[in-house]
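Just so you know, we're using UniProt numbering here: the sequence shown kicks off at 1 and counts up by one.
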Amino acid sequence: MEINCENSTHESVDVSDTFTAGSSSSSKNNTKSFRSSIHQHYKLLDYKSKFKCNYCGKVLKRDSTGSTSSLRKHVARSHKSVTLKGDQEAKTSQLSIDNFLVMDSRDKFDQHRFEKLLVEFVIDSNQPFSIVNSSAFCKFSEYWRAEARLPKNDKMKSLCMKRFEQERTLVEEKLR
Numbered sequence: 001m002e003i004n005c006e007n008s009t010h011e012s013v014d015v016s017d018t019f020t021a022g023s024s025s026s027s028k029n030n031t032k033s034f035r036s037s038i039h040q041h042y043k044l045l046d047y048k049s050k051f052k053c054n055y056c057g058k059v060l061k062r063d064s065t066g067s068t069s070s071l072r073k074h075v076a077r078s079h080k081s082v083t084l085k086g087d088q089e090a091k092t093s094q095l096s097i098d099n100f101l102v103m104d105s106r107d108k109f110d111q112h113r114f115e116k117l118l119v120e121f122v123i124d125s126n127q128p129f130s131i132v133n134s135s136a137f138c139k140f141s142e143y144w145r146a147e148a149r150l151p152k153n154d155k156m157k158s159l160c161m162k163r164f165e166q167e168r169t170l171v172e173e174k175l176r
């Protein structure tokens, strides 16, 4: 819950000065430790139940459970130019679509396996053998691996027929 007290005067305490992030509670001065880095963007008001934003002065109620999500959301929504600690790490560890799609270069390309998978694709999706002649399909396959060489449609037909014969033999053996 957000409470705006811009006209009110409250003595504020800079959280980063009084409360050291990550340190344990001190029994001498009875101060609480704040582990979250979000507290550097706020001052704790004198009655310690509210935080005041360092950027706009908005006063936010301190969550009784210690949750900092409302503080984090306020900074993220209202002060987009401020980079929150943790957000940058999450963005850098997330793969981009380009990095996701590129196969690991350590994987050795195997033309035979490629052709076997292509045959499986043609058969399972009921594609014509001539799909390998399509320039769009060629671009698609080469995008994934530049080494990939599509067989001509006559070779594609013979590969599919070979696979058909293998499957046929397996079925005949099971029926015996």
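All C-beta atoms in this analysis are idealised placements derived from N, C-alpha and C, irrespective of residue type, glycine included.
Note that the coordinates shown come from a computational prediction; the quantities given were computed from them, not determined experimentally.
Let me know the secondary structure DSSP gives Tyr47 once reduced to three states. Numbered from its first residue, the sequence shown carries residue 47 at position 47. Of the three classes helix, strand and coil, the one that applies to Tyr47 here is coil, per DSSP.
Nearest residue (CA-CA) to Tyr47, options His39, Arg62, Ile38 and His41: Reading the sequence shown from its first residue, position 47 is the one you call residue 47. For the residues His39, Arg62, Ile38 and His41, the minimum Cα distance to Tyr47 belongs to Arg62.
Can you give me the Cβ contacts of Lys174 inside the same chain, cut-off strictly under 8 Å, excluding the 5 residues immediately before and after it? As a working note, residue 174 is residue 174 in the sequence shown. The answer is none, since no qualifying residue turns up.
Between Asn153 and Val119, is the Cβ-Cβ spacing less than 7 Å? What you label residue 153 is simply residue 153 of the sequence shown in a count that begins at 1. What you label residue 119 is simply residue 119 of the sequence shown in a count that begins at 1. No.
For Ala56, which option in Lys80, Pro128, Gly66 and Ser64 has the closest C-alpha, if you only look at C-alpha atoms? Working through the sequence shown from its first residue, we reach residue 56 at position 56. According to the sequence shown, residue 56 is Cys rather than Ala. Ranking the options by Cα distance to Cys56, first place goes to Lys80.
Going by the DSSP bridge assignment, what does Val171 pair with across the sheet? Position 171 of the sequence shown, counted from the start, is the residue given in the question as residue 171. The partner list for Val171 (beta bridge, DSSP) is empty, contrary to what the question assumes.
CA-CA distance, Ser135 and Tyr143? For the purposes of this step, residue 135 is taken as the residue at position 135 of the sequence shown. For the purposes of this step, residue 143 is taken as the residue at position 143 of the sequence shown. Their Cα atoms are separated by approximately 12 Å.
What does the Cβ neighbour count give for Phe164, buried or exposed, with the cut at 16 atoms within 10 Å? Mapped onto the sequence shown, residue 164 falls at position 164. Flag for Phe164 reads exposed.
May I ask you to list the residues that DSSP assigns as paired with Tyr42? In the sequence shown, counting from the first residue as 1, residue 42 sits at position 42. Tyr42 is bridged to Cys53.
What distance in whole Å lies between the Cβ atoms of Val82 and Ile38, which are believed to be in contact at a cut-off of 8 Å? Indexing the sequence shown from 1 puts residue 38 at position 38. Indexing the sequence shown from 1 puts residue 82 at position 82. Not a contact, Cβ separation roughly 10 Å.
Return the chain-ordered list of same chain residues with a C-beta closer than 6 Å to the C-beta of His112, the five sequence neighbours on each side being excluded. Position 112 of the sequence shown, counting from 1, holds the residue named residue 112. Cβ neighbours of His112 beyond the five flanking positions: none.
Buried or exposed: which applies to Leu150, given that a residue is buried once 16 or more other Cβ atoms fall within 10 Å of its Cβ? As a working note, residue 150 is residue 150 in the sequence shown. It counts as buried.
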